[in-house]
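J.:
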């Protein structure tokens, strides 16, 4: 039987680093070892896309009108399509004009509709939601926090951006507590959020004010992994046994956490316009508590 890993390949698309994320956040290089799956219906993979910032115009990405479209083509070129796709926030670039905000969301939806995969999920970023408490996002994409189950994994989408103060809020924390109470302590749990739940660089807004409360609720569970965006780069961090993985952006990269005084986009390189941009595949096997994370660049023209 061919396992999921043996055919997770791209057509004419180069691969990137591979991580194994589990209880101890281990990392390893890609190998040729192909572990047979117990059942073709138990293992699966999904794709995480983040920080598209549709509507951005500036020197950090003069090709902004095409980058998202290239990404859709890149994902569509996957030889085996994922079970679902998740966008982890900042679908659109911020604007004070409510009409323009909705226009950008409509344009984003039209491009995203070109994805082959029909199960596509969304959570907001602060660019989408902080100026109107998520009103326009909800009109276009539905709830800002929700749960779903897929092949033995319990997925939780948290909203830590609709509050302009960068908090999850007591009501949503109660909702999270009630949902977790229904899960076994060894349940496989994946959390999607936009901002990091831990204090990465608070002065850069790379934190959630009450993220420690969410981490506290998640800590009693032995198999929790968090996937987030916001910081426009790959990053891996542990809080206790919880692994946190940040995704690259699809508009421009940002500096390494705390590496300079101000958070400013890295300069655009005309010779390598997609440098620092990308998306990831996350492979899950139902019999295993680890996740194989593969980073891919945007390469389709």
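Residue numbers (the UniProt record's numbering): 1 to 301.
Where a beta carbon is used, it is the ideal one built from N, C-alpha and C, also for glycine.
Tell me whether residue 97 is buried or exposed, calling it buried when 16 or more other Cβ atoms sit within 10 Å of its Cβ.
T.: It counts as exposed.
J.: Ignore the nearest five residues each way along the sequence and tell me which others in residue 130's own chain have a CB closer than 7 Å to its CB.
T.: Answer for residue 130: 161, 162, 164, listed in chain order.
J.: Starting from the N-terminal side, write out each stretch of the alpha helix (DSSP H) that is 4 residues or longer and does not extend beyond the region 185-225.
T.: Here the runs fully enclosed are 211-218.
J.: Residue range of the alpha helix (DSSP H) that residue 297 falls in?
T.: That residue, residue 297, is in no alpha helix (DSSP H); its beta strand (DSSP E) goes 291-297.
J.: Return the residue from the list 71, 246, 250 that minimises the CA-CA distance to residue 257.
T.: Residue 257 has its Cα closest to that of 246, out of 71, 246, 250.
J.: Quick one: any contact between the region 272-291 and the region 211-221, if contact means 3 or more CB pairs under 8 Å?
T.: Contact fails: fewer than three Cβ-Cβ distances are below 8 Å.
J.: Within 10 angstroms of the Cβ of residue 113, are there 16 or more other Cβ atoms? Answer buried if so, exposed if not.
T.: Result: exposed.
J.: Can residue 166 and residue 208 be called in contact, C-beta distance under 8 Å?
T.: Result yes, Cβ atoms of residue 166 and residue 208 sit closer than 8 Å.
J.: Give the straight-line distance between the Cα atoms of residue 234 and residue 253, rounded to the nearest whole angstrom.
T.: About 10 Å.
J.: Which residues does DSSP list as the beta-bridge partners of residue 278?
T.: In DSSP, residue 278 forms a bridge with 297.
J.: Can you tell which of 186, 134, 188, 182 has its C-alpha closest to the C-alpha of residue 168?
T.: With distances taken between Cα atoms, residue 168 lies closest to 134.
J.: Touch check for the region 52-63 and the region 257-270: three-plus C-beta pairs under 8 Å?
T.: Touching, yes.
J.: Please determine, among 201, 65, 43, 105, the residue with the shortest C-alpha to C-alpha distance to residue 151.
T.: Checked all of 201, 65, 43, 105; the closest Cα to residue 151 is 43.
J.: How would you label residue 240, buried or exposed, when you count the other beta carbons within 10 angstroms and need 16 or more for buried?
T.: Residue 240 is exposed by the Cβ-count criterion.
J.: Using a Cβ-Cβ cut-off of 7 Å (strictly less than) and excluding sequence neighbours within five positions of residue 122, which residues of its own chain qualify?
T.: Hits under 7 Å: 87, 91, 141.
J.: Could you give the uninterrupted runs of the beta strand (DSSP E) lying entirely in the region 103-159, keeping only those of 3 residues or more?
T.: DSSP runs (the beta strand (DSSP E)) wholly in the region 103-159: 120-123, 146-150, 153-157.
J.: Report the residue from 194, 210, 155 whose alpha carbon sits nearest the alpha carbon of residue 174.
T.: Ranking the options by Cα distance to residue 174, first place goes to 210.
J.: What does a CB cutoff of less than 8 Å around residue 183 pick up in its chain, not counting 5 residues either side in sequence?
T.: 154, 189, 221, listed in sequence order.
J.: Taking just the CA atoms, how far does residue 181 sit from residue 128?
T.: Cα to Cα, the separation comes out at about 30 Å.
J.: Taking its Cβ as the centre, do 16 or more other Cβ atoms sit within 10 Å of residue 272, making it buried, or is it exposed?
T.: Exposed.
J.: Following the continuous beta strand (DSSP E) through residue 235, name the residue where it begins and the one where it ends.
T.: 235-239 is the span of the beta strand (DSSP E), which, as asked, contains residue 235.
J.: Does DSSP put residue 266 in a helix, a strand or coil?
T.: Residue 266 falls in the coil class under three-state DSSP.
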